[in-house]
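The numbering of the sequence shown is my numbering, which starts it at 71 and goes up by one. For glycine and all other residues, C-beta sits at the position ideal for the given N, C-alpha and C. None of the values given here were measured: they were computed from a predicted structure. Below is one structure, written out as structure tokens; the observations come after it.
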Amino acid sequence: SDRDPRFASNFWRSLQNALGTRLDTGTAYHPETDGQSERTIQTLEVMLRACAIDFGKGCVNHFPLVEFSYSNSYHASIKAAPFEALYG
71 SDRDPRFASN FWRSLQNALG TRLDTGTAYH PETDGQSERT IQTLEVMLRA
121 CAIDFGKGCV NHFPLVEFSY SNSYHASIKA APFEALYG
């Protein structure tokens, strides 16, 4: 849970501040409040299921390719691929 005290500790708040990021928490027991994360999880689940169907028990060896594919695919919400948005 993103409400775990470990995420809300002074260390994590200081780290978020130093990085110039923020930690958004959802409502307890209502993960659907974070639609962007839910959509990302859904997409990754589909990709991982396809990998498992194609490669069976050896699918774990292909996880880096799934990550590469996801990170380099165009996302309409950010109008770029995540890798491109992060690294330019």
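I need the boundaries of the alpha helix (DSSP H) containing residue i, first residue and last residue.
{"i": "L85", "result": "80 to 89"}
{"i": "C121", "result": "105 to 125"}
{"i": "S139", "result": "133 to 141"}
Within the same chain, show all residues whose beta-carbon is closer than 8 Å to that of residue i, passing over the 5 residues directly before and after it, in chain order.
{"i": "Q86", "result": "R92, L93"}
{"i": "S139", "result": "M117"}
{"i": "Y144", "result": "A150, A151"}
Work out the CA separation of residue j and residue i for me, nearest whole Å.
{"i": "V136", "j": "E115", "result": "10 Å"}
{"i": "F153", "j": "S141", "result": "5 Å"}
{"i": "S79", "j": "Q106", "result": "25 Å"}
Once you ignore the five residues that flank residue i on each side, which residues in its own chain have a CB closer than 7 Å to its CB?
{"i": "L118", "result": "V136"}
Among the residues of its own chain, which have a CB less than 6 Å from the CB of residue i, if the five just before and after it don't count?
{"i": "A146", "result": "none"}
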